[in-house]
Amino acid sequence: MEFNSKEVSPAYPSATVVLVRSADAALEVLMVRRSRDVRHMGGMWVFPGGRVDPADGDFEADPEATALTAAIRETREETGLEITADALHYISHWTTPKGAKKRFATWFYVGLLCEEQDVMVDGGEIAEHRWVRPADALAEQARGELRLMPPTFITLLELERFGSCEVIQREAPDMAPLMYAPRVTELDGALHFLYAGDAGFDTEDPAAPGGRHRCIMVGDSLEYLREF
71 MEFNSKEVSP AYPSATVVLV RSADAALEVL MVRRSRDVRH MGGMWVFPGG RVDPADGDFE
131 ADPEATALTA AIRETREETG LEITADALHY ISHWTTPKGA KKRFATWFYV GLLCEEQDVM
191 VDGGEIAEHR WVRPADALAE QARGELRLMP PTFITLLELE RFGSCEVIQR EAPDMAPLMY
251 APRVTELDGA LHFLYAGDAG FDTEDPAAPG GRHRCIMVGD SLEYLREF
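For the sequence shown, position 135 (counting from the first letter as 1) is numbered 205 according to the numbering used here, and the numbering increases by one without interruption.
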């Protein structure tokens with residue numbers, strides 16, 4: 071992944087849905103793999119989602135409602151699954167760092183899929199799908215078998231912390247959405263995505279002494295630090 075700090079492209083509004091279900095008393099999350107032929111994030115495993123369209127509503131007047139409509143539409147288009155607004159809870163917001171060629175300002179929603187539905191991907195932009203336990207996905211990522219970007223990686227860590235769909239149903243409605251607007255810099259050959267609260271966030275100095283709130287990327291390897 072390359073960043074050019076002198077380039078500041080616009081961040082397009084988008085929405086992502088983190089769908090979970092109970093399977094054998096365990097939490098599973100739906101992930102989809104982008105086709106390797108797609109230029110943006112080709113081959114990456116992500117959650118269903120995409121850009122906000124004009125048909126989704128008046129984004130300037132009501133960005134959250136418009137993003138929610140986009141989340142439902144994108145889920146239907148990418149997976150064939152029908153979900154409703156009352157099943158989704160806004161849990162985080164991610165803005166792509168400055169310097170990336172394509173930037174997005176993305177609303178992340180979590181939702182429990184209560185009714186059994188068949189997932190249908192188009193085999194084009196989305197090559198395949200799977201339901202997977204967060205711990206298993208993280209283990210595969212650690213072995214280099216699953217390509218993830220920091221937002222997906224950190225969201226999986228949060229899902230692992232929840233542990234069950236029941237906990238998500240109980241806690242998600244009252245959660246304050248977490249805001250991530252990383253500043254990316256390089257140190258010793260690794261990309262450091264610095265988040266608010268990190269000692270180096272304001273100065274963009276990854277070596278600054280103090281607390282850590284960052285994701286470190288070396289190739290496809292990821293490590294998340296939240297130490298205050």
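Here a beta-carbon is modelled for each residue, glycine too, at the ideal position from N, C-alpha and C. Computed from a prediction, not measured in an experiment: that's the story for all the values here.
(request) Decide yes or no for the touch test of the region 233-245 against the region 94-104: beta carbon pairs closer than 8 Å, at least 3 of them. (result) Yes, they touch.
Would you tell me roughly how many angstroms separate the C-alpha atoms of R121 and E134, rounded to the nearest one?
In a straight line, the C-alpha of R121 is about 13 Å away from that of E134.
Legend entry - Burial state of D268 (16 or more Cβ within 10 Å): Around the CB of D268, 16 or more other CB atoms lie within 10 Å, so the residue is classed as buried.
**Q.** F129 - DSSP class collapsed to helix/strand/coil
**A.** If DSSP states are grouped into helix, strand and coil, F129 belongs with coil.
Cross-strand partners of S92 (DSSP beta bridge): Note: S92 sits in a beta bridge opposite L97.
Considering only the alpha carbon of each residue, which of T225, Q239, L151 and H262 lies closest to D192? When each option's Cα is compared against that of D192, the closest is L151.
ask   = Taking D188 as the reference, which of R106, R284, I196 and R200 has the closest Cα?
value = The shortest Cα separation from D188 among R106, R284, I196 and R200 belongs to R200.
If you scan the region 231-277 from start to end, which runs of the alpha helix (DSSP H) of 4 or more residues do you find wholly inside it? As far as the region 231-277 is concerned, its whole alpha helix (DSSP H) runs of at least 4 residues are 235-241.
>> So, with DSSP's three-state summary, where would you put I286?
In response: Here I286 sits in strand by DSSP.
Indicate whether T139 and D126 have their beta-carbon atoms separated by less than 9 Å.
-> A contact, by the Cβ cut-off of 9 Å.
Strictly by DSSP, which residues pair up with L227? Per DSSP, none; premise fails for L227.
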